[in-house]
Every structure is written in C-alpha cells, then in structure tokens.
Amino acid sequence: MQLQFPLLFPQGDDGYHTEIPLKNCKKRRPEPADNDETEGDRKFREHVTMKEYYSYKLMIRTNEGSFLFLLPLHCHKFLTNINHQSCILYNRLTPHLGGRLWQQYVVDAFTAMEQYRLDWISRNQTTIRSDLYNSVRDAVRRGDNDPSHVGKCVILPASFTGSKRYMSQYFKDSLALCRSIGHPSLFLTMTTNSKWPEITEMMKHLPGVNVADAPDVVARVFKMKLDQLIDLIKKKHFFGRCIGLMHVIEFQKRGLPHAHMLVWLDDKDKPKTAEQIDKLVSAEIPDEESDPICYQAVKNYMIHDTGKTVKRKGVLLNNRFVVPYNRELLLRFQCHINLEICNNSRSLKYLFKYCLKGHDTATMLLKRKNDKSSAVDCQERKGKIFDEVRHYLDGRYVSASEAAWRILGFGIHSRWPSVDRLPIHLPDSKYVSFKTGESLQNVCHRADSKRSKLEAWFLANKLLPDAKNYTYNEFPSYFTWLPKECKWKYRQRGDVVGRLSEVHATAGDLLYLRMLLMRKKGCLGFEDIRTVDGVVYDTFKEACGAMGLLQDDNQWHEALSENSHSAFPHQLREMFVNILAHNTVADPLLLWTRHWKCMSEDILRKQRSTTGINDLELPEVDIHNYTLAGILVFTQL
-2 MQLQFPLLFP
8 QGDDGYHTEI
18 PLKNCKKRRP
28 EPADNDETEG
38 DRKFREHVTM
48 KEYYSYKLMI
58 RTNEGSFLFL
68 LPLHCHKFLT
78 NINHQSCILY
88 NRLTPHLGGR
98 LWQQYVVDAF
108 TAMEQYRLDW
118 ISRNQTTIRS
128 DLYNSVRDAV
138 RRGDNDPSHV
148 GKCVILPASF
158 TGSKRYMSQY
168 FKDSLALCRS
178 IGHPSLFLTM
188 TTNSKWPEIT
198 EMMKHLPGVN
208 VADAPDVVAR
218 VFKMKLDQLI
228 DLIKKKHFFG
238 RCIGLMHVIE
248 FQKRGLPHAH
258 MLVWLDDKDK
268 PKTAEQIDKL
278 VSAEIPDEES
288 DPICYQAVKN
298 YMIHDTGKTV
308 KRKGVLLNNR
318 FVVPYNRELL
328 LRFQCHINLE
338 ICNNSRSLKY
348 LFKYCLKGHD
358 TATMLLKRKN
368 DKSSAVDCQE
378 RKGKIFDEVR
388 HYLDGRYVSA
398 SEAAWRILGF
408 GIHSRWPSVD
418 RLPIHLPDSK
428 YVSFKTGESL
438 QNVCHRADSK
448 RSKLEAWFLA
458 NKLLPDAKNY
468 TYNEFPSYFT
478 WLPKECKWKY
488 RQRGDVVGRL
498 SEVHATAGDL
508 LYLRMLLMRK
518 KGCLGFEDIR
528 TVDGVVYDTF
538 KEACGAMGLL
548 QDDNQWHEAL
558 SENSHSAFPH
568 QLREMFVNIL
578 AHNTVADPLL
588 LWTRHWKCMS
598 EDILRKQRST
608 TGINDLELPE
618 VDIHNYTLAG
628 ILVFTQL
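Position 331 of the sequence shown, counted from 1, bears residue number 328 in the numbering used here, the numbering being contiguous throughout.
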C-alpha cells in the first residue's frame, strides 16, 4: 500500500503483512463486531490483523513521519492543502497532512480490508450455501424467477456487514422489537458539526488541513458525541424511562456521518397530548432577544436552506423552514439534531426501511446504440454464475468518512434489547454444513452431537423446571443460548427478544410447524408439537386444524397481516397469488377484501410518477382496480 503513496511515505515504509507480531500481549482474541476478521482469525492469535494495523496508522503522532529535508521542495508544494511553513515548524511530514491524498489512502485501506473479507467469503461458499439454500425462502430468491440461478450463486451472507441480507435481518429484528415492546415513540437524527470544539482543537495538530481531509478525526469525535447522546437517553432517561433503542450510522457524500435513532419509551412517559409534545419538540424560531443562544443555534443548524424570519444568505426564512428540534439537546450538542414524534403505526414500515436501507449502490451497463453484439452479450450473461460478491463490489460507494469509521471498529448499527434469531426445522432436517470430500460419517456424527436451538429447547423443557412456561419464541427472554455447549441456561442479565425465522407461504409443513411453535409451551419433542388434547396427529397441518388455526383461513389472514408490517406492497401481492396458487383457500374473496388495502399502498405513488401529476388523487375504486391489475401480473409469470 505504501508504494502507491510515495508522497505520504517517501522513505518506502513497510506496509501491512500477516507476520507483524503483537507486542506486550501473549495472545489476543479479536472483537467480533462488524465482521472485521475472517472466520480463521476468530481464534487466539499472535499477529496483527489488517484492521489493527490501519487503525494504528490512523492515529496522529507528531513525533512520527518523514523528515522534510528528504523531500524536494516541489514535492512539498505539490501536496494538497499542506501549509509548508507549518510543516517546517513540526519538522516532519506526517501522512495526515496529505489532504485529499490522505483521504484516498484511508479509502484504499478500508477497501483492502473489505476485499480480504470478501475473498474469504468467495473461497468458502460450500459452508455458506449449505446454510442459506436449505430454506425455502432463499431457494426462491426475491425478484429472481429464473430457476437456473439456483445452485449457481456466489452468496454474500447476512454475517457480512452492510450486505442486503445483513440489513434485511436487522430490519426484521426491529419489527420483532415492535411486536415485543410496542411501536417506537421518538425518531431522532443527529448530524456531525464540523465546527465542534473537539474537532477544532484536534485540527490544531494538523496545520493547514481542512476538516474534510481529516475523516479519522471527525469519526472519533462523532462517536464520542453519539455515545453521550445514547447514554443520556438510555441511562439518564432524558425523555423518560427508555425501554428500547436502535440507531444506524449513515454517511453523507460530503463526508459527514449522521445517526438515525429510534427510541421506545415506557407507556407512562410517551407524549400523548399536544402539551406533552410541545414540551419535547419545537419547530419555531425562538425570540432573538429573550433566547439569543437558542436563536443562534436554530439559525445555524435547524433551518432548511430555503411568523418570524431569519436572514440567511440574503434570504428571509420563517417557521416553515425550521426542522423540528428539542431545545435542550440542540443547545447541549450544538449540531443538527432533528426530533420527531412517532404516532402512526402505518409509518413503521417506512420508518424502519428508511433507517435500514443500507449504503448507496449503483451499477450500470453501457452499450452502443443499435449494437446487436451488446444484446447478445446480455443474453450470454444470463447463463453465467450470479456472483453477489462481485455485484456488491461493482456497485459499492465508499467515502473517506465511512472508511475511517469502519477501520476504527465503530459499528454501523446497534439495538437494545438485542434480538435472538430462532431457526426452525422439520424432524431430521436441521441445517448441516460440510466441505467437499468430507466423510459423510463425520458429517452425521457432528450433526448428532450438535443440537439446534429448537432441539435444545426440547431438552430444556425436560431438565429446567420453569422452561415449560414459555413458548419457543418467548424462550430467549428468560434463557441464554450457549453456542459451544449447544444448550440453554437461565438468563442472569440483559434484555433479549426472540424472533422465529420466517417461512414462505408455500413451505407446507414447515409453515404449520411455525404456527404451532408460536403457541405451544413445554414440548419435549416434535411429537408433542403434533399432540392436541392428548391426540397425536400425523402432520403439523392436522394439529393446526385440531387447534382451530385453519378455520376460516386464519393461517392466511395471519400470514398476510404479519408480513404487511415488513413487506413491500408488490411483495404482498406476490404472496397473495402464491397463497391462492399453492394452497386451498376456503374464501379467497374474504382474504382479498380484508387485505387488499395493504397491497395497494404503492399504487397512488406509481400513478403520480406515471402521469407526472404530483398532486394526483384517485378514488378508492380506481386504487382497488389498479391493485387487481397488479395481482394479474403475478398470475402470468
């Protein structure tokens, strides 16, 4: 890496290699956050990882660097944003003084780390794919109706930070929190202020460098401010008793990180009246004479760029341009900090998808006009292996700010309480991973000795007295999973919410097993799950029928209602078609009547986009008909 940046490292310093020893440390276990290490690195080790090396390089040390007289004078002047006289004062040229060249170094360092992890994923597809493609949901990939892709994909798993599966899993975890502790009460957005005193003070050690060219400084200060805000809300109960909190970090193109945060409050502390809301949130310009400090803060941080007015860049702005804020938080943190009240359950899906939409990506294909060879190439490309890793790399956008944040090991997502994902499987159908050429006897022996969470739940119901009082879904709230020992034990501390893996509507017995697990307690095995009122039924579907879960198409109403909180309207329409095509529905018209509105939430937006009329309004009968037309599209696939 250093050879690519001779102006930053003119003496040809050594770059990263795998044999750099860890000093003053016998052996060290890496932190598991944000998959900064590969599976092979997650053992006790004696050498420095790539992440640790570049984290070290990001630290500012004024006594390190190359002596200036080793560089010709024209090289000094060539470096971007470097004050030559200031450098002479330090007598050394540190890489942090490299301006945009330093930004490029930080980005290249992070992309090298990410490429290393992605290479490991590409080399270990046998293990990864055996875990993903044994489930119906991943066998029928969303948006991919070509069966030739099945078994020919290079998978980017949910364990990789920032992948689509990663964001999707966290989205579903967030909805699991809603099912457990209710809807969030507050939505807060906090953006970096490049003029924070901590940043200004730190920049004194980097003379002549702009804040934009010091992404490592910005990342470290923003992390400290964010931790202060979380501590204020979660532990000091700034808004009242906090029972849940989730935040996501995003990065703007100009290089400033910002955080989206959802806060769950105890019911007695939720703002419910206009007076309570006004105490928390304001969207007005304060009086300049009676509250000059808040007036200046609102003027500087909370005004959109377009009652009372504020003159900004020669334009008079009034209360219509004020972003809602909390006065005390604004004065405390001195940055853009938007606060909104969450009072509409229908906005949850949009809210969570907005927070967990993931990073920016873009892929393009260029071809000449009327070029038939390009069309042929496109047809040939369809028969090739669909490489999710390559697709991720081709569309990835990385800013210096994000690169510095990730190199320093700061997470991009957190949630409290945590969510324990609970896999489900039919008898003798649990997931088993193995490598090509491995003895099947060894595979079977390992599978028999390693219990799944569901099998361990059966065992816990036999051994632990209180275990029979909870369903499989409720179990993680009271018991802790020990992955090495493959068993559950009593939970000593911490709040955890369980989430059952979702099952496709066409999954048959697996779907009915999930319905039973949501309701039955104290089961000692699969036979107990199929037992209703002392009668052991042959299938899980028959057991569901005996419990009255299949009367009046209850299972399909429940499936559509549950997915309406997480799935897009077009996905709900596809699900509705699959239910009708692959199952017996007693009253399809009633199923449609109850759920068509959640399938039509994107119709008005699409029609406005098609017609170009932004204020277009449609009567309900037209929206109903357009939704039916959308259903017809999936019946013809």
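Virtual Cβ for every residue (Gly too), placed ideally from N, Cα, C. This one's a predicted model, so the numbers in the text were calculated from it and none came from an experiment.
- Taking a C-beta distance under 8 Å as the contact criterion, E385 and I152 qualify as a contact pair.
- DSSP places C239 within a strand segment (E or B) once states are collapsed to three.
- In the DSSP assignment, A401 falls outside any beta strand (DSSP E) and within the unbroken alpha helix (DSSP H) covering 397 to 404.
- Taking the Cα positions, A540 is about 20 Å away from W454.
- Per DSSP, the continuous beta strand (DSSP E) segment holding K486 begins and ends at 484 to 487.
- Taken through DSSP and simplified to helix, strand or coil, Y467 comes out as coil.
- By the C-beta density criterion, V494 is buried, having at least 16 other C-beta atoms within 10 angstroms.
- Secondary structure note for T186: its beta strand (DSSP E) is the uninterrupted segment 183 to 188.
- DSSP, read as helix, strand or coil, puts V215 in helix.
- The residues H554, in chain order, have a CB closer than 7 Å to that of R591 in the same chain once the five nearest residues on each side in sequence are set aside.
- With respect to the 8 Å criterion, G241 and I178 are classified as neighbours on the basis of their beta carbons.
- Residue burial is scored here from C-beta neighbours: R120 has fewer than 16 other C-beta atoms within 10 angstroms and is therefore classed as exposed.
- For A280, the CB contacts under 6 Å within the same chain, skipping 5 residues up- and downstream, are V319, P321 in chain order.
- Taken atom to atom, the span from the alpha-carbon of W593 to that of R324 is near 43 Å.
- Restricting attention to K233, W193, R393, the CA atom closest to the CA of K220 is found in W193.
- Per DSSP, reduced to three states, the secondary structure at H621 is helical.
- Taking every protein chain shown into account, the CB of Q100 has 16 or more other CB atoms within 10 angstroms, so this residue is buried.
- Distances from the alpha-carbon of S171 to those of S606, G522, K354, L569 put K354 closest.
- DSSP places N341 outside any beta strand (DSSP E), giving it a letter other than H or E.
- Residues of the same chain with a CB within less than 7 Å of the CB of R511, apart from the 5 flanking positions on each side, are I421, L497, V500 in chain order.
- Pairing T468 with C520, the inter-Cα distance amounts to about 9 Å.
- Between the segment 386 to 401 and the segment 99 to 113 there are three or more inter-stretch CB-CB distances shorter than 8 Å, so the stretches are counted as touching.
- A straight-line Cα-Cα distance of about 12 Å links G609 and L601.
- Taking C-beta atoms under 8 Å as the contact rule, T503 and H579 qualify, at a distance of about 4 Å.
- Under the DSSP definition of a beta bridge, H567 lacks any partner.
- The straight-line gap separating the alpha-carbon atoms of Q293 and L185 is approximately 21 Å.
- Pairing S415 with M199, the inter-Cα distance amounts to about 35 Å.
- A check of alpha carbon separations from P181 across P212, Y347, V295, D288 identifies Y347 as the nearest.
- According to the DSSP assignment, T477 belongs to the beta strand (DSSP E) that extends over 476 to 479.
- Around the beta carbon of T197, a 10 Å sphere encloses fewer than 16 other beta carbons of the protein chains shown; the residue is thus reported as exposed.
- In this structure, L94 places its C-beta atom within 8 Å of the C-beta atom of V206.
- In its chain, beyond the 5 residues on either side, no residue has a beta carbon closer than 7 Å to the beta carbon of D525.
- The residues T468, I526, in chain order, have a CB closer than 7 Å to that of K517 in the same chain once the five nearest residues on each side in sequence are set aside.
- As a beta-bridge residue in DSSP terms, S279 pairs with Y322.
- Rounded to the nearest whole angstrom, the C-alpha separation of Y623 and E617 is 10 Å.
- Beta bridge pairing from DSSP links W589 with no other residue.
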